[in-house]
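Here is the structure we will look at.
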Amino acid sequence: MSDPEVRPGALDGVKVLDLTRFLQGPYATRILADLGAEVIKVERPGGEWDRRLRQAPDGYAGFFTGLNRGKKSIAVDITHPEGRDIVKALARECDVVVENFRLGVMEKLGLGYDTLREENPQLIYAAASGYGPLGPRSNEPMFDMVAQAVSGLSDFVRTPDGAPRLASRGMADSAGAVFLAMGILTALLAKERTGRGQRVDGSLVGSCLAMHTAEVTIALHGDEVKRTQGRVTSTSGAFRCKDDRWVVIGATDQKVWNGLTTALDRLDLRDDPRFAKSRIREQHRDILEPILEATFLTADRDTWVERMRDNGVPVAPVNTFVEAARDPDVLANGFVVEQPDATWGTIRTVGSPFLLSGTPARVGGWTPELGADTTGVLKDLGISPDRIDGLVAQGVVEQAQVAHVAEEVGKA
Numbered sequence: 588m589s590d591p592e593v594r595p596g597a598l599d600g601v602k603v604l605d606l607t608r609f610l611q612g613p614y615a616t617r618i619l620a621d622l623g624a625e626v627i628k629v630e631r632p633g634g635e636w637d638r639r640l641r642q643a644p645d646g647y648a649g650f651f652t653g654l655n656r657g658k659k660s661i662a663v664d665i666t667h668p669e670g671r672d673i674v675k676a677l678a679r680e681c682d683v684v685v686e687n688f689r690l691g692v693m694e695k696l697g698l699g700y701d702t703l704r705e706e707n708p709q710l711i712y713a714a715a716s717g718y719g720p721l722g723p724r725s726n727e728p729m730f731d732m733v734a735q736a737v738s739g740l741s742d743f744v745r746t747p748d749g750a751p752r753l754a755s756r757g758m759a760d761s762a763g764a765v766f767l768a769m770g771i772l773t774a775l776l777a778k779e780r781t782g783r784g785q786r787v788d789g790s791l792v793g794s795c796l797a798m799h800t801a802e803v804t805i806a807l808h809g810d811e812v813k814r815t816q817g818r819v820t821s822t823s824g825a826f827r828c829k830d831d832r833w834v835v836i837g838a839t840d841q842k843v844w845n846g847l848t849t850a851l852d853r854l855d856l857r858d859d860p861r862f863a864k865s866r867i868r869e870q871h872r873d874i875l876e877p878i879l880e881a882t883f884l885t886a887d888r889d890t891w892v893e894r895m896r897d898n899g900v901p902v903a904p905v906n907t908f909v910e911a912a913r914d915p916d917v918l919a920n921g922f923v924v925e926q927p928d929a930t931w932g933t934i935r936t937v938g939s940p941f942l943l944s945g946t947p948a949r950v951g952g953w954t955p956e957l958g959a960d961t962t963g964v965l966k967d968l969g970i971s972p973d974r975i976d977g978l979v980a981q982g983v984v985e986q987a988q989v990a991h992v993a994e995e996v997g998k999a
């Protein structure tokens with residue numbers, strides 16, 4: 588019996604063929620799956636490396652699990668002629684094909700955009716890349732950290748001693764996924780209006796630049812990068828507390844400065860002419876910052892958070908991911924959710940970052956075992972059971988040897 592609370596997703600009826608690996612592509616297609624699209628993930632027999640990437644000692648594969656929920660899984664050798672025929676047949680049935688192979692690989696396989704749109708003129712073909720489809724290095728391999736370096740991001744977030752660093756692991760890949768999904772959604776809207784498909788290209792470098800539009804624009808006026816390196820101002824940034832945990836505050840305007848001095852029980856600072864106005868405070872930053880740092884070291888983090896909130900100062904504890912997942916606002920908005928898992932029962936993972944009142948995202952769906960849907964998907968293409976058995980025997984496709992995970996989870 589269907590759940591009366593389950594409402595149609597925004598992308599119900601949209602069918603996506605997912606030929607992606609690693610992070611950028613799988614995250615983009617997971618966004619589409621969360622929004623209700625039917626996403627068929629194609630892996631090679633034996634499974635992609637992603638399934639084993641960064642596994643915990645107990646075997647938990649959080650990297651793959653977090654990026655592939657809500658998808659169907661088929662295992663197909665696309666280097667085999669019959670495997671390529673399966674991909675072409677699926678492309679005829681799908682609205683969107685997504686891939687993140689190096690430029691030219693899909694064309695060599697006979698599965699490039701020009702070939703597949705002959706099979707399906709309304710097809711949206713989305714390609715995720717590092718540099719983008721144009722330019723002298725468009726076919727070079729690319730990883731997240733390389734994109735952060737090329738785009739200027741690693742330079743922008745240099746350490747206080749001047750060394751370049753990663754903004755965070757996966758920043759470029761994640762930004763690339765979001766913008767790729769945005770491009771696909773835009774193409775779907777255009778197709779709704781015009782009836783025509785098109786090619787969508789997303790890139791890691793372009794996404795890193797786009798995520799920092801304001802800072803890049805500032806830098807391009809005068810060709811000079813304005814790095815903050817630490818606190819934005821003397822009263823905006825992170826401060827260490829007595830319990831060796833950290834708090835972040837934002838106290839730039841005068842009203843908040845007054846609230847900060849009250850929360851710190853340092854009204855003497857408010858009355859000090861050196862700190863009377865924000866511009867003057869920055870002129871005396873070398874004096875004010877050590878005073879604030881010493882004051883924050885007199886109480887624990889949670890004490891300061893409470894006092895700042897009571898006095899209208901924008902504040903937050905510097906959480907770990909584990910602490911953030913317990914935050915009541917994070918939980919109330921569904922930013923962290925539970926999803927069923929055949930091996931682990933339930934797991935906690937990231938939900939949707941936005942809420943839709945009429946067509947809510949379907950987060951928390953299961954992550955498929957390799958080949959869990961191979962037989963079903965091939966049957967839907969009209970391939971006979973005997974022929975499927977033959978393809979399995981040849982190693983062209985692989986099907987799961989266990990009962991369908993979705994069914995098992997549903998019975999739990």
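Residues in the sequence shown are numbered from 588 upward in steps of one, following this note's numbering.
We treat Cβ as the ideally placed atom computed from N, Cα and C, and that holds for glycine.
Where residue i sits in the DSSP three-state scheme
i	result
G977	helix
G789	strand
Q986	coil
K842	helix
P972	helix
W891	helix
V601	coil
L606	strand
Y647	coil
T822	coil
S716	strand
D928	strand
W953	coil
R594	coil
R896	helix
V744	coil
E869	helix
K659	strand
R935	strand
K675	helix
V964	helix
Rounded Cβ spacing between residue i and residue j (contact assumed at less than 8 angstroms)
i	j	result
G789	R704	In fact, because the Cβ distance is near 18 angstroms, the residues do not count as touching under 8 angstroms.
S823	R868	At roughly 11 angstroms, the Cβ-Cβ gap does not stay under 8 angstroms, so S823 and R868 are not in contact.
A881	V835	Between V835 and A881 the Cβ distance is about 18 angstroms, and since that is not below 8 angstroms, they are no contact.
P720	L767	Not quite, the Cβ-Cβ distance comes to about 13 angstroms (not below 8 angstroms), so this is no contact.
E985	T954	Not really, about 17 angstroms apart at Cβ, beyond 8 angstroms.
G634	L957	4 angstroms
M798	A762	5 angstroms
E680	L606	Not really, about 14 angstroms apart at Cβ, beyond 8 angstroms.
L856	F862	5 angstroms
R894	A850	4 angstroms
E802	F743	6 angstroms
Outcome for residue i when other beta-carbon atoms lying within 10 angstroms are tallied against a minimum of 16
i	result
P860	exposed
F941	exposed
V663	buried
E727	exposed
G612	buried
I618	buried
T800	exposed
E630	buried
S971	exposed
S589	A caution first: S589 carries a pLDDT of 40, below 50, which makes its placement in the model unreliable, though a value can still be read off. By the neighbour-count rule (16 or more Cβ atoms within 10 Å), S589 is not buried but exposed.
Distance between residue j and residue i (C-alpha atoms, nearest Å)
i	j	result
A759	V603	23 angstroms
I661	R671	13 angstroms
L610	Q841	44 angstroms
A806	V812	5 angstroms
G722	M732	20 angstroms
C870	V819	The identity of residue 870 in the sequence shown is Gln, whereas the question assumes Cys. One C-alpha to the other measures close to 14 angstroms.
W844	F826	16 angstroms
G739	T804	12 angstroms
L598	K829	50 angstroms
K778	Q709	8 angstroms
I878	Q735	36 angstroms
G809	Y614	37 angstroms
G921	F908	15 angstroms
P747	L753	14 angstroms
F651	L772	23 angstroms
E925	P595	20 angstroms
D967	V905	50 angstroms
V674	P668	10 angstroms
S741	R814	11 angstroms
K864	A929	59 angstroms
G770	G846	44 angstroms
G932	L918	20 angstroms
V892	L875	20 angstroms
Q981	V923	42 angstroms
T616	I627	9 angstroms
So does the stretch 652 to 659 actually touch the stretch 935 to 946, counting three or more Cβ pairs closer than 8 angstroms? yes
Okay, do the stretch 698 to 718 and the stretch 785 to 804 touch, 3+ Cβ pairs below 8 angstroms being the bar? yes
Between the stretch 969 to 978 and the stretch 639 to 655, can you find at least three pairs of beta-carbon atoms closer than 8 angstroms? no
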